[in-house]
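Heads up, the thing below is written out as structure tokens.
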């Protein structure tokens, strides 16, 4: 693939500094770019060392100004250089669209409805009463249980399990190894034994959601576990029964969210964090990495720590933790000094 | 499905207040119940706002008394309302029993023994010398290695891997994505490299155990990794080689238990906790969520924290953590005040 | 299998004390050994109670001396008793080598190259342009995407997913449920929505690496996610896009390493730890269990804690944590004592 800087600029609505007829043959990161690549410099960490990339063209912020223009490469100015760059990537690395078709090695139950241009790989097992929309791509070894609904343009990667009645929206991606709709962890104590609750609910995942690899998303016990539109989960995320996650929320790797908790919209739960059950986490919240959230968090808060607290407080606590041994020494020493002062002071009072 | 309150009361041994001929058509949670549903109120959080449910019948504790009877709905009194309610759920949401039979797309090795009424789904692979009991249900894409034994009434969900010689008791459920019997993490350092130990042990899982989705339970290095009867693990639990877990213990999501640790009976390990290797955790222990257990814990203890400590102590520590910045300020200020006092006191002594 | 002590000693280069014609029929752990087994005692914990094993032969360190020789069993002295013992295990528990052959139930794309003595199990799906070396063993339900390369003697256990262009070195083992080469968690914010980045990179895994069960190793966004030679990961490890891990590093269960972080050689990341993105962790580093590493760590450091600090400091901090309630009480009491001293001292100054 070869494009001129002008052709690229047209695609990403960029203003060009330098020769627009320059040929570009690849996309690469700032430090790995070769002499006919395009790259991007989205922030000062890269903008301050623009002369260090070997790229032939660099996408920079629209308001970026240089005192002396670079002659070695073109600048392409856009509102969001990172986004613009990643719009170019598929041009140079075109993804081969799957050839629609149903593998003769896929197994179907009764009463399934398939849309147009569907691709179903070998060794897929689809049970009864499943509805699959147009342009859906189901890769090998996927299991789709009874009554599942999968809307248009959704992609299910290999080795995914969708248990009964799971609904996936349109343009959803589910990565390999994920299990959606398994029974929640619900038991009722009966003497020594744990009596298993029936789990008759299901999981609904909104449009444009992306579910990482090896996630586990349990069905509602009676009702619904709901993942909003545009939610993106990283790998190894656990979402328990009856959880609800609002639109466009990000859930980073190895997070666990316990049963019946509600998470708002546009919220970020950073990696390794744990959120207890039956809480309400608001909209636009940020939960820092490796945090333990044990009570509800209102909208627009930034929290972190184990247990969670305002992020600014946690930064101070973190700063003190390693000084605790010193503080303890100081405290013990002060206690002695105080005692000796008390002895001095109190002596004269004794007649 | 439609049942009268009387018919329901007979099934769950309930005493009825209100009209026993009332018709019930569904089960639902307290807040989502509709006008012909039955629900339950197991504790004061719900009992105190009984008038807020739209349900036609509510299961309540046997000793619950109301001053003025509700005319809008029936009360059904039982010893354990939650349990009683979940006994009703399958009546209104009957689970379709699998039709016994062996898929022609399942693959068998040599010398396997199958019980009666077994259901084996498509694309199951069963190796040599496997014994499968009566009424076992193996769902699609399951792999069962050489020499495995699976007892009566056990259900293995899709995409489960059982490595060689794994034994599952009767009435066991293994959820999707779980891997049981893989090699433990055992190496011996030899200069710079890590020499892999042979893992010749296996995993034994007791009757009525339930293993969550995406669990990893490693085989014993030489001996056995043992999961007791009635143990329930949540999703993404990791259990290392040679661990032993006592009967009816609960292991909540994303817990990790390191090699050769013994956990007692009726114990609860709450979510995200980690337990170091070669420890003994007693019977009836509770390990709080997100705890790091680094030494053995005797019977009947409640511990939490990183590292673990008595739960009551941890609650106090947690309460202080966010006040550490203030404590440090106080300490530094006191030190100055102490110094100035010392200066005042010591001056007069200088002649 | 039956071997004499002399035959065993020859295999592991041991010096024998006792009757070299003694017959040994099995290998076992120190406490479970029977009267014709061999076991090992690698450290003083076992050497100090040698009389308690029922084994017929015990491998001990070369420099181990006993005042009075044991008549009941032979001693075999080697440089590394644990390693020597585990060299014997496969003699007594021979692993059945797979019978090479391609299952007729495996599915191949176009243009794949297979080496000699390859074993491909049933229900394996291999896409286009895949290269598989000699003596490779691919177990059932494995998915191998377009362009993957798998070198000689590598074993892929059931239900593994290798996405496009993943390269596995020789003598690699990948355990069940692992997903290698899925898209990283990369989005660029665009107003409310998260625009998905193309992930055109891939994963390269070195020779003799072993990947545990249910790992997730994401492809590079543009470049490579690299796992060095001899790296061993435990179960449920998450390795994000563009991470690089040096040779012979150990990554224990449930660890998460965020994007673009570099980990050195011969380093150990203990269980449940989290490492933030874009960091450099040096060679020969040890990160303690359940630690949160939030900044780079130079070579040869031992760190632990949340957040990480020098391990020795963390041990002191840990020791103080449970005493914080006491410290706070002392502090508040001292403040009162200080105030009353101040009152006494300052009073006389007031005329």
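Protein chains in written order, with the numbering used here: chain L, 801 to 1151; chain P, 801 to 1151; chain X, 801 to 1151.
C-beta: ideal position from N, C-alpha, C; glycine also.
Note: residue 1123 of chain L is not bridge-paired with any residue in the DSSP secondary-structure output. At a cut-off of 8 Å, the C-beta of residue 1106 of chain L has a neighbouring C-beta in chain X. Below 8 Å, enough C-beta pairs join the region 870 to 886 of chain L and the region 809 to 819 of chain L to call them touching: three or more. Scanning the region 973 to 999 of chain P from its first residue to its last, the whole beta strand (DSSP E) runs of 3-plus residues come out as 979 to 982, 987 to 990, 993 to 996. Around the CB of residue 992 of chain L, fewer than 16 other CB atoms lie within 10 Å, so the residue is classed as exposed. Listed along the chain, the chain P residues whose CB falls inside 9 Å of the CB of residue 1125 of chain X are 1113, 1116, 1117, 1119, 1120. Within the same chain, and ignoring the five residues on either side of residue 1066 of chain X in sequence, the residues whose Cβ sits closer than 7 Å to its Cβ are 1048, 1049, 1083, 1084.
Bounds of the beta strand (DSSP E) holding residue 1018 of chain P are 1016 to 1018. Comparing alpha carbon positions, the residue from X/1054, X/1080, X/963 closest to residue 1072 of chain X is X/1054. Cβ atoms of residue 921 of chain L and residue 938 of chain L come within 8 Å of each other, at about 6 Å. In the three-state reduction of the DSSP assignment, residue 1109 of chain X falls in the strand class. Residue 877 of chain L: member of the beta strand (DSSP E) spanning 874 to 878, first to last residue. Three or more Cβ pairs drawn from the region 902 to 914 of chain X and the region 924 to 935 of chain X lie within less than 8 Å of each other, which places the two stretches in contact. Looking at P/1099, P/1114, P/863, the one whose alpha-carbon comes closest to that of residue 1091 of chain P is P/1114.
Taking 7 Å as the Cβ-Cβ cut-off, the region 932 to 959 of chain L approaches chain P at 941, 943, 959, given in chain order. Restricting attention to L/971, L/1010, L/994, the CA atom closest to the CA of residue 987 of chain X is found in L/1010.
Our two residues, residue 855 of chain L and residue 1024 of chain X, have alpha carbons roughly 19 Å apart in a direct line. Pairing residue 1043 of chain L with residue 840 of chain P, the inter-Cα distance amounts to about 20 Å. At a cut-off of 8 Å between C-beta atoms, residue 912 of chain X does not count as an interface residue with respect to chain L. The DSSP-derived three-state label of residue 810 of chain X is helix. Minimum Cα-Cα distance from residue 1124 of chain L among the listed residues X/1135, X/1112, X/1134, X/1133 corresponds to X/1112.
Burial is judged here by how many other beta carbons sit within 10 angstroms of a residue's own beta carbon; residue 890 of chain X has fewer than 16 and is exposed. For residue 840 of chain X, the uninterrupted beta strand (DSSP E) segment begins and ends at 837 to 840.
The closest CA to that of residue 820 of chain X, considering only X/861, X/1017, X/876, is found on X/876.
DSSP places residue 1133 of chain L in the helix class (H, G or I) of the three-state scheme. Within the same chain, and ignoring the five residues on either side of residue 1110 of chain P in sequence, the residues whose Cβ sits closer than 8 Å to its Cβ are 1101, 1102, 1103. Secondary structure note for residue 882 of chain X: its alpha helix (DSSP H) is the uninterrupted segment 881 to 892. Excluding its 5 nearest sequence neighbours in each direction, residue 940 of chain L has C-beta neighbours in its own chain below 6 Å: 921, 922, 923, 958, listed in chain order.
With a cutoff of 8 Å on beta-carbon distance, residue 933 of chain X and residue 892 of chain X are scored as not near each other. Segment contact: the region 947 to 958 of chain X against the region 967 to 986 of chain X, three or more CB-CB distances shorter than 8 Å; contact assigned.
The three-state reading of DSSP puts residue 1104 of chain L in strand, counting E and B together.
Here the alpha carbon of residue 853 of chain L sits roughly 7 Å from the alpha carbon of residue 833 of chain L. Chain L places no beta carbon closer than 8 Å to that of residue 999 of chain P, leaving this residue out of the contacts. For residue 878 of chain L, same chain residues with a beta-carbon under 7 Å away, outside a window of 5 residues either side, are 812, 813, 814, 859, 862, 884 in chain order. For the region 1009 to 1039 of chain L, the set of residues with a beta-carbon nearer than 8 Å to any beta-carbon of chain X comprises 1010, 1012, 1013, 1014, 1030, 1032, 1034, 1035, 1036, in chain order. Taking 8 Å as the CB threshold, residue 905 of chain X lines the interface with chain P.
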